[in-house]
Amino acid sequence: MSDLWGLGDDGFEEVQRPTPLGAGGGSAHGAIPEALLAGLNPPQREAVEHRGPALLIVAGAGSGKTRVLTHRVAGLLATREAWPSQILAITFTNKAAAEMRERVEQLVGEESRGMWIRTFHSACVRILRREAEEFGFKDSFTIYDSGDVRALLKRLIKERGADITGLTPGGVAARISKAKNELHDVDSWARTASLDNPLDAAFLEIWREYDRELRRANAFDFDDLISQTVFLLRAFPRVAAQYRKRFRHILVDEYQDTNAAQYALIRELTQPVSRGELPDLRDDLPGASLTVVGDSDQSIYAFRGADIRNITDFERDFPGARVIMLEQNYRSTQNILSAANAVIGNNFDRRAKNLWTDSGDGAKIVGFTGYSGHDEAQFVADEIVELTGGGMAYSDIAVFYRTNAQTRALEEVLIRTAIPYRVIGGTKFYERAEIKDAMAYLVTVANPADALSLRRIMNVPKRGIGPATEAALQAFADEHDITLRDAMRRVDEIALGPKVAGAIKDLAALLDEFSARPDADPGEVLRELMSRSGYTDQLRRSPDPQDAARLENVEELIAVTREFRRQNPGGTLIDFLTETSLVAAADELDDSGGQVSLMTLHTAKGLEFEAVFITGVEEDLLPHRMSANEPGGPAEERRLFYVGITRARQRLHLSLAMTRAQFGEVNPAVPSRYLEEIPADLIDWRTPPTTMRASAQPRALGRWRDEPREQFVTGYRTPPPLPKGPKKEFANTITEVRDNSGLELAAGDRIRHKDFGEGTVQAVTGLDKKRVAEVRFDTAGRKRLLVKIAPIEKL
DNA sequence: TGTCCACCAGTTTTT
DNA sequence: CTGGTGGACA
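Sequential numbering from 1 applies to the first sequence in UniProt numbering.
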């Protein structure tokens with residue numbers, strides 16, 4: 001997908017070509033080739049063939065919506081109803097966009113070039129860059145991620161002493177984000193707020209200052225990308241008319257996740273264009289035809305402003321809309337679907353929908369209750385060994401959890417068991433300090449107005465430019481109404497020591513040198529910046545072994561920029577920065593690499609796996625404690641569980657623990673209310689949740705204590721005895737210095753394991769650091785152990 | 001200015 | 001248990 005970012009060749013000029021047909025044409029075009037319709041079921045086929053102003057495809061999980069969407073686009077192209085450049089397809093992730101483009105290309109080949117298949121954010125960036133000059137921005141603007149936003153807010157809050165009022169960067173960021181997603185700006189919000197409230201007044205002031213800083217830095221935050229595009233289209237009718245005329249067919253994926261700003265964007269783009277709005281337009285043009293695909297049962301982003309009413313009210317919003325339901329599922333077994341249907345059926349207030357499949361019941365859902373999170377993780381690892389032993393690939397297996405904190409126990413056990421895995425999302429590469437430093441250098445070069453990035457690198461590596469010096473520079477900048485960067489160039493006019501002044505001048509000269517070459521190869525720019533700034537040297541000289549790893553990361557980033565340039569010949573620094581700002585967790589997932597995928601339930605949406613583990617199915621985790629107070633919280637959490645269940649094709653595992661460790665404290669855990677909602681006969685409990693923990697019963701869950709459901713009684717078996725020996729030290733077992741690489745092991749050897757007790761080695765495979773022992777323990781069963789780090793001794 | 005240490009608070013999901 | 005912050009000292 002080399003043109004994912006649409007560098008060049010976006011076919012905008014094709015607007016000038018004759019328009020094949022307006023939207024809602026209907027019959028004048030040729031028939032859709034049978035090849036594009038073959039193999040579709042009746043509603044799918046109708047969804048591909050229907051023509052009209054608006055179409056809502058209610059696509060249940062696994063009902064083939066991507067197929068429908070891509071065939072629909074291919075149909076528009078194949079019949080010449082639309083030029084590629086007249087199609088705008090919007091997704092939420094780059095991965096979804098890439099997949100769609102690829103599949104359309106497979107269907108119609110080169111024909112598909114020039115389509116806009118992009119995420120909301122990248123489409124908006126595209127429009128904003130193109131029109132930047134029009135409304136007073138420079139097209140070199142950069143994008144602040146949530147870390148940048150927090151850093152900036154932190155400074156602003158502190159500067160005004162607003163921290164004592166209780167305003168936190170996180171809280172303010174969330175409020176601003178929410179407001180922007182509802183298309184408020186500072187002034188419109190101020191009108192609705194009661195400014196008698198000192199907290200609101202302080203918030204408003206911070207927000208105003210924050211926006212001003214962004215403007216000065218020539219930067220947008222994430223929410224601005226959408227809302228500013230909407231404002232742009234509203235404020236400049238001629239610009240709006242251009243895009244309305246250009247995009248004749250607009251398709252939106254995951255429509256249930258759109259927020260108010262995104263909805264407004266769609267509305268703007270689907271307005272008709274009247275004669276006279278554009279000089280070369282001879283006739284009135286109807287609004288673009290709109291196709292949206294979504295499933296309100298999979299709406300899990302309300303916390304981010306997604307408004308489920310956008311999809312439930314679609315028919316009212318777009319008169320003449322057609323609604324098509326896709327309910328046949330091609331992904332999962334009937335057992336999995338029955339569980340999913342039963343769970344989601346507890347959400348009232350939804351359009352009834354019933355997923356079904358004709359592919360058979362499949363295996364039962366496997367349930368497990370562990371003593372602790374580690375015990376649960378061990379179950380996951382054991383099952384994975386079992387599954388892969390039966391021929392399943394690691395990459396066909398995924399483990400889901402509600403919160404990122406849950407990965408620790410899982411990772412620890414997976415490492416110990418030598419199961420290759422990958423954490424999707426989580427602590428990301430781009431969040432590491434050294435990567436942020438390196439990126440800040442690039443941002444500073446690309447966007448000299450950005451003071452935030454400049455501040456970050458000003459004294460990294462150490463140049464003797466401390467807070468006092470920085471403040472002096474800033475004061476000079478404010479006084480002369482210039483940027484911080486300009487102030488650095490005029491350092492001679494500021495009374496500073498000669499050493500400091502020299503350091504500042506050197507840095508400014510280095511940055512300016514590259515700023516002057518915006519089209520240079522980003523990889524080269526980064527390599528030179530890192531070496532000439534002394535950044536790499538500083539890491540290389542450091543005695544701290546961690547710095548060696550940091551150096552590697554910086555080199556990895558250089559490799560990434562090189563790869564970017566290779567994929568996008570001529571791609572500029574700004575292009576690279578835009579790409580990296582807009583990557584989402586799910587984008588990291590490339591199907592290559594035989595690894596188990598670990599991710600949050602949110603990240604899992606839109607993906608599918610042969611075998612799925614949903615862990616931590618407990619109260620306070622799923623549903624999460626924080627959701628309890630929010631309106632619609634429990635229902636949204638239920639949808640989240642539903643999304644998780646429906647990711648599984650063949651095998652589904654639900655697990656929980658009786659105790660959960662958080663902050664080093666161990667707390668009792670209670671089975672999730674959602675477990676009760678799954679019919680008992682669908683689950684095969686290896687170890688059922690017990691009702692023995694009277695102390696752990698929360699008030700709201702009387703049922704678990706008072707009238708335990710049959711499923712837990714019939715499935716009941718005595719849990720295995722706790723491993724003996726000294727109390728468990730799970731935490732940090734991995735980082736503990738242990739190196740068994742010298743240990744000779746062979747089949748038949750007897751060993752003792754810290755947790756599992758004594759056992760017999762069955763086989764040893766792998767080499768050196770990757771040596772894996774398969775051991776049959778006397779009480780704990782069969783386990784795989786990574787010899788190098790296993791807490792074992794030979795007997 | 002830089003470094004070290006002790007204390008503190010905050011912990012959901014993320015385009 | 002983590003990361004961030006602020007103070008004390010070199």
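Ideal placement from N, C-alpha and C gives every residue a C-beta, glycine not left out.
- Can you name, in chain order, every residue of its own chain whose Cβ lies under 6 angstroms from the Cβ of L88, other than the five neighbours on each side? W116, F247, I250
- Supposed contact pair F514 and A508 - C-beta distance, whole angstroms, cut 8 angstroms: With a Cβ gap of about 12 angstroms, A508 and F514 do not count as contacting.
- Item | Cβ pair V596, Y421 closer than 8 angstroms | yes
- Message: Could you give the first and the last residue of the continuous alpha helix (DSSP H) run that contains E81?
- Response: Taken as a continuous stretch (DSSP letters only), E81 belongs to no alpha helix (DSSP H), as it is neither H nor E.
- Message: My output table needs one value for A767: the three-state DSSP class, helix, strand or coil.
- Response: Looking at the sequence itself, residue 767 is Leu, so the reference to Ala does not match. Note: L767 maps to coil in three-state DSSP.
- Query: Going along the chain, which residues of its own chain have a beta-carbon closer than 7 angstroms to the beta-carbon of P20, five neighbours each way excluded?
  - Reply: Bear in mind that a pLDDT of 46 at P20, under 50, signals an unreliable position, so the number given afterwards is only what the model happens to contain. Answer for P20: R80, E81, A82, W83, listed in chain order.
- Message: Since residue 796 and F222 should fall inside the 8 angstroms C-beta cutoff, what is the C-beta to C-beta distance between them, to a whole number of angstroms?
- Response: Given that the chain is displayed from residue 1 to residue 795, the structure contains no residue 796 and the question cannot be resolved.
- Task: Identify the continuous alpha helix (DSSP H) that holds W207 and give its terminal residues.
- Result: 198-216
- Message: Quick check: what's the CA-CA separation for A123 versus A611?
- Response: 34 angstroms
- Task: Counting only runs of 4+ residues fully inside the segment 409-491, write out the alpha helix (DSSP H) ranges in chain order.
- Result: 433-446, 451-458, 467-480, 484-489
- Cα-Cα, which of S395, L654, I176 is closest to G594? S395
- Cβ-based burial, L196 [other Cβ within 10 Å; buried from 16]: In the sequence as displayed, the identity of residue 196 is Asp instead of Leu. D196 is exposed by the Cβ-count criterion.
- Task: Only counting runs of 4 or more residues, tell me where the alpha helix (DSSP H) segments fall wholly within the segment 544-604, in order along the chain.
- Result: 545-567, 573-581, 601-604
- Query: So, helix, strand or coil for K154, using DSSP?
  - Reply: helix
- Over the uninterrupted alpha helix (DSSP H) stretch that includes N310, give me the two end residues. 309-312
- Query: Going straight from the alpha carbon of A604 to that of I482, what length do you get?
  - Reply: 46 angstroms
- Message: When you compare the segment 449-467 with the segment 557-575, are there three or more beta-carbon pairs, one atom per stretch, that lie closer than 8 angstroms?
- Response: no
- CA-CA distance, S63 and N41? 10 angstroms
- Task: Rounded to whole angstroms, what's the CA-CA distance from Q262 to G766? Just pull it up for me.
- Result: 52 angstroms
- Query: If you check the beta carbons only, do K499 and G464 fall under 8 angstroms apart?
  - Reply: yes
- Where does the unbroken alpha helix (DSSP H) through V104 begin, and where does it stop? 94-108
- Rank L557, F348, V413, G391 by C-alpha distance to the C-alpha of F379 and give the top, closest one. V413
- Host beta strand (DSSP E) of I32 (start-end): Counting along the chain, I32 falls outside any beta strand (DSSP E), and DSSP gives it neither H nor E.
- Query: Relative to the C-alpha of R267, which residue among T291, R191, A363, L281 is closest?
  - Reply: T291
- Between A59 and V104, which are expected to be in contact by the criterion C-beta below 8 angstroms, what is the C-beta distance as a whole number of angstroms? Going by Cβ atoms, the distance from A59 to V104 rounds to 17 angstroms, so no, they are not a contact pair.
- Run the CB neighbour count on R550, radius 10 Å, all protein chains shown included, and call it buried at 16 or more, exposed below. buried
- Query: Would a C-beta distance cut-off of 8 angstroms place E315 and A321 closer than the cut-off?
  - Reply: yes
- Have a look at E209, R118, V125, L183 and flag the residue whose alpha-carbon is nearest the alpha-carbon of K158. E209
- Item | At least three beta-carbon pairs within less than 8 angstroms, the segment 364-377 to the segment 644-656 | yes
- Item | Expected contact under 8 angstroms - CB spacing of M325 and P689 to nearest Å | Not a contact, Cβ separation roughly 36 angstroms.
- Message: One question on the structure: do E134 and F236 come within less than 8 angstroms of each other, judged by their Cβ atoms?
- Response: yes
- Leaving out five residues before and five after A790 in sequence, what residues of the same chain have Cβ atoms less than 6 angstroms from its Cβ? none
- Message: Can you give me the C-alpha to C-alpha distance between T615 and N181, rounded to a whole angstrom?
- Response: 32 angstroms
- Coil, strand or helix - V775 by DSSP: strand
- Is I384 closer than 8 angstroms to D253 when the C-beta atoms are compared? no
- Query: When the distance is taken between beta carbons, is I336 closer than 8 angstroms to A680?
  - Reply: no
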